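Trainee:
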Amino acid sequence: MPSVALVKKASNRPLPLKDIIEVLKRWQSDPEQFSKATLSEPIADKPDDLLSHIKNLEQRIVVLESQVQSLSDALRKKV
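If you read the sequence shown in the working numbering, its first letter stands for residue 690, the second for the next number, and so on.
(1) Is DSSP giving residue 720 helix, strand or coil here?
(2) Under a three-way DSSP split, which group does residue 768 fall into?
(3) Consult DSSP for residue 702 and reduce its assignment to one of helix, strand or coil.
(4) Alpha carbon to alpha carbon, how far is residue 704 from residue 718?
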């Protein structure tokens, strides 16, 4: 069964949760009506996606730490 994220990703427009549930119900009743390529998750890409996601999070953490340090320094100067 496809995931909610996969249904959202396969859509060409933002979908409300109600519409996603409808798609999942239709898929459950007749999976053959959907293209296998459209609603299949690329397993080989998951580790790369996860690694890039982790790398992006680490970069964001570094930026946020830098911003916190700058704010702390600015507050110390004012006091």
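Here a beta-carbon is modelled for each residue, glycine too, at the ideal position from N, C-alpha and C. Keep in mind the model is a prediction, meaning the values are calculated, not measured.
Mentor: According to the data block:
(1) Walking along the sequence shown from the start, residue 720 turns up at place 31. Residue state, collapsed to three classes: helix.
(2) Numbered from its first residue, the sequence shown carries residue 768 at position 79. Residue 768 falls in the coil class under three-state DSSP.
(3) The count along the sequence shown starts at 1 and reaches residue 702 at position 13. Three-state result, residue 702: coil.
(4) Translated into the one-based positions of the sequence shown, residue 704 becomes position 15. Translated into the one-based positions of the sequence shown, residue 718 becomes position 29. Roughly 20 Å between the two C-alpha positions.
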